[in-house]
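Numbered according to our numbering, the sequence shown spans residues 45 to 121.
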Amino acid sequence: MRHVMRILHVAFRVLQSQEARVTKLKVVILLVLAMIAIPAAHLAPAFAIAFWAVGAALPLAAILLIVRERRRMARER
């Protein structure tokens, strides 16, 4: 449950930020997929490790997208 709350917190902060609209969409999609992947690990025990890996990697990818977008915006200023 803590994992889902952390993902929702990041998604809420991204939606409040002034990032580019495309980056927001990508981040929200990644976070929603991560929220689906973790519970799916319990439904398919044979693929549990893969689902947990995907669920852990997608929020990190979302954070990297945010950092990259902020750096790009800082260079443009």
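Yeah, the Cβ is synthetic: ideal placement off N, Cα and C, and Gly gets one too.
Here the structure is a predicted model, which means the values were calculated and not measured.
For residue 75 and residue 102, believed in contact at Cβ under 8 Å, the rounded distance: Taking the first residue of the sequence shown as 1, we reach residue 102 at position 58. Taking the first residue of the sequence shown as 1, we reach residue 75 at position 31. The pair is a contact, with the Cβ atoms about 7 Å apart (cut-off 8 Å).
Cβ shell of residue 86 (< 8 Å), same chain only, five flanking positions each side left out: Along the sequence shown, read from residue 1 onward, the residue named residue 86 stands at position 42. Annotation for residue 86: 92 place their beta carbon closer than 8 Å to its own, counting only its chain and skipping 5 residues before and after.
Outcome for residue 90 when other beta-carbon atoms lying within 10 angstroms are tallied against a minimum of 16: On the sequence shown, position 46 is the one that residue 90 refers to. Exposed.
C-beta atoms of residue 81 and residue 99 nearer than 7 Å: Locating residue 81 in the sequence shown gives position 37, counting from the first residue. Locating residue 99 in the sequence shown gives position 55, counting from the first residue. Their beta carbons are under 7 Å apart, which means residue 81 touches residue 99 by this criterion.
Alpha-carbon spacing of residue 70 relative to residue 121, whole angstroms: Reading the sequence shown from its first residue, position 26 is the one you call residue 70. Reading the sequence shown from its first residue, position 77 is the one you call residue 121. Whole-angstrom Cα-Cα distance: 23 Å.
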